[in-house]
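*Asks:*
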Amino acid sequence: KAGVTQTPRYLIKTRGQQVTLSCSPISGHRSVSWYQQTPGQGLQFLFEYFSETQRNKGNFPGRFSGRQFSNSRSEMNVSTLELGDSALYLCASSPIAGHGYTFGSGTRLTVV
Amino acid sequence: QQPVQSPQAVILREGEDAVINCSSSKALYSVHWYRQKHGEAPVFLMILLKGGEQKGHEKISASFNEKKQQSSLYLTASQLSYSGTYFCGTEGSGGATNKLIFGTGTLLAVQP
């Protein structure tokens with residue numbers, strides 16, 4: 001079966017712009033989580049969606065937001081980009097809680 | 113609260129064993145283990161739920177000591193393919209919430 005698909009793979013944006021990243025989970029997986037990965041901070045939890053509802057949120061500013069659609073696809077949005085937002089953004093899906101996650105290949109965002 | 117992993121890095125020769133530890137300051141419901149190779153997405157290895165079970169996956173196994181809020185990943189007779197960064201992820205004792213917080217990672221390098 002198809003894995004978790006993230007688009008785009010790479011993005012270069014300018015400070016102050018906004019960006020939208022997309023994640024299509026494995027078919028049948030209703031939970032989608034987003035992580036920011038940087039060399040210094042590791043995998044930082046952004047938020048988790050289940051059945052179109054945000055159930056969990058990490059410690060990120062309000063510039064980071066997300067949503068989930070009825071087909072479980074998810075998007076995350078970062079507004080007013082800062083240089084420090086440069087990172088690999090990973091999404092992961094799981095069928096329900098208590099199961100392992102399947103990660104997508106990520107979107108590499110560079111803010112210049 | 114981010115779990116603490118130790119060691120931060122380990123270098124092995126093929127065939128040697130290694131143990132990676134993961135400690136939390138909070139009571140845990142579950143511990144996940146993932147391996148990430150350079151330039152790739154993290155890959156799920158196993159999940160341990162509270163109850164102290166030990167699980168195995170080929171020559172990689174793990175234990176979960178609920179009382180000590182610790183988990184250990186055991187790699188026996190290491191192979192070159194085991195190289196990568198290992199992350200533990202923890203869920204708090206509130207149950208299966210899908211709010212998975214990852215540790216800072218342990219870099220494992222297996223040399224011929």
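Sequence lines, in order, name chains B and W. Position one of the first sequence corresponds to residue 1 (the working numbering), numbered consecutively onward. Position one of the second sequence corresponds to residue 113 (the working numbering), numbered consecutively onward. Note that the Cβ used here is the ideal one computed from N, Cα and C, for glycine as well.
1. For the segment 142-210 of chain W, which segments carrying the alpha helix (DSSP H) assignment without a break, of at least 4 residues, lie completely within its bounds, in sequence order?
2. Look at the alpha carbon of residue 74(B) and the alpha carbon of residue 104(B), and state the distance between them as a whole number of angstroms.
3. Apart from the five residues just before and just after residue 136(W), which ones in its own chain have a Cβ nearer than 6 Å to its Cβ?
4. Does the distance from the C-beta atom of residue 214(W) to that of residue 46(B) stay below 8 Å?
5. Alpha carbon to alpha carbon, how far is residue 148(W) from residue 189(W)? Give it in angstroms, no decimals.
6. Roughly how far, in whole angstroms, is the beta-carbon of residue 19(B) from the beta-carbon of residue 92(B), given that I think they are within contact range, below 8 Å?
7. By Cβ distance below 8 Å, which residues in the same chain neighbour residue 15(B) in space, the five residues on each side in sequence not counted?
8. Can you tell which of 36(B), 70(B), 102(B), 95(B) has its C-alpha closest to the C-alpha of residue 29(B)?
9. Does residue 10(B) have its Cβ less than 8 Å from a Cβ in chain W?
10. Using the C-alpha atoms, what's the distance from residue 179(W) back to residue 8(B)?
11. Where does the unbroken beta strand (DSSP E) through residue 49(B) begin, and where does it stop?
12. Buried or exposed for residue 142(W), please, with buried defined as at least 16 other CB atoms from any protein chain shown within 10 angstroms of its CB.
13. With DSSP run on the structure shown, which of helix, strand or coil describes residue 84(B)?
14. Give me whichever residues DSSP pairs with residue 35(B) in a beta bridge.
15. Whole angstroms are fine: how far does the CA of residue 170(W) sit from the CA of residue 110(W)?
16. Can you grab the Cα-Cα spacing for the pair residue 122(W) / residue 216(W), in whole Å?
17. Note the first and the last residue of the continuous beta strand (DSSP E) segment covering residue 212(W).
18. Per DSSP, what kind of secondary structure is residue 100(B) in: helix, strand or coil?
19. Classify residue 199(W) as buried or exposed, calling it buried when 16 or more other Cβ atoms lie within 10 Å of its own Cβ.
20. Identify the continuous beta strand (DSSP E) that holds residue 16(B) and give its terminal residues.
*Replies:* Let me spell this out:
1. For the segment 142-210 of chain W, not a single whole alpha helix (DSSP H) run of length 4 or above is found.
2. Locating residue 74(B) in the first sequence gives position 74, counting from the first residue. Locating residue 104(B) in the first sequence gives position 104, counting from the first residue. Note on geometry: alpha-carbon atoms of residue 74(B) and residue 104(B) lie some 12 Å from one another.
3. In the second sequence, counting from the first residue as 1, residue 136(W) sits at position 24. Cβ within range, chain order: 115, 181, 202.
4. Along the second sequence, one-based indexing puts residue 214(W) at 102. Along the first sequence, one-based indexing puts residue 46(B) at 46. Cβ distance not < 8 Å, so residue 214(W) and residue 46(B) don't count as in contact.
5. Within the second sequence, the letter at position 77 stands for residue 189(W). Within the second sequence, the letter at position 36 stands for residue 148(W). The alpha-carbon atoms of residue 189(W) and residue 148(W) are separated by roughly 19 Å.
6. The residue you call residue 19(B) lines up with position 19 of the first sequence. The residue you call residue 92(B) lines up with position 92 of the first sequence. Not quite, the Cβ-Cβ distance comes to about 19 Å (not below 8 Å), so this is no contact.
7. The residue labelled residue 15(B) in the question sits at position 15 within the first sequence. Apart from sequence neighbours up to five positions away, the residues of its chain that approach residue 15(B) with a beta-carbon distance below 8 Å are 81, 82, 83, 111, 112, ordered along the chain.
8. Here the question's residue 29(B) lines up with position 29 in the first sequence. Minimum Cα distance to residue 29(B) is reached at 95(B).
9. Position 10 of the first sequence, counting from 1, holds the residue named residue 10(B). For residue 10(B), the answer is no, since every Cβ of chain W falls outside 8 Å of its Cβ.
10. By one-based count along the first sequence, residue 8(B) stands at place 8. By one-based count along the second sequence, residue 179(W) stands at place 67. Cα to Cα, residue 8(B) sits roughly 43 Å from residue 179(W).
11. For this step, residue 49(B) is matched to residue 49 along the first sequence. Its beta strand (DSSP E) spans residues 42-50.
12. Mapped onto the second sequence, residue 142(W) falls at position 30. Under this definition residue 142(W) is a buried residue.
13. Taking the first sequence and counting its residues from 1, one reaches residue 84(B) at position 84. The answer is helix: DSSP assigns residue 84(B) an H, G or I state.
14. As a working note, residue 35(B) is residue 35 in the first sequence. Listed as beta-bridge partners of residue 35(B) by DSSP are 45(B), 90(B).
15. Since the first and last residues shown for chain W are 113 and 224, residue 110(W) lies out of range.
16. In the second sequence, residue 122(W) corresponds to position 10, counting from 1. In the second sequence, residue 216(W) corresponds to position 104, counting from 1. Spanning the two alpha carbons is a distance of roughly 14 Å.
17. Along the second sequence, one-based indexing puts residue 212(W) at 100. That residue, residue 212(W), is in no beta strand (DSSP E); it is neither H nor E in DSSP.
18. For the purposes of this step, residue 100(B) is identified with residue 100 of the first sequence, where counting begins at 1. Taken through DSSP and simplified to helix, strand or coil, residue 100(B) comes out as coil.
19. The residue given as residue 199(W) occupies position 87 in the second sequence. Counting of Cβ neighbours within 10 angstroms places residue 199(W) among the buried residues, the total reaching 16 or more.
20. For this step, residue 16(B) is matched to residue 16 along the first sequence. In the DSSP annotation of this structure, residue 16(B) is not part of any beta strand (DSSP E), being labelled neither H nor E.
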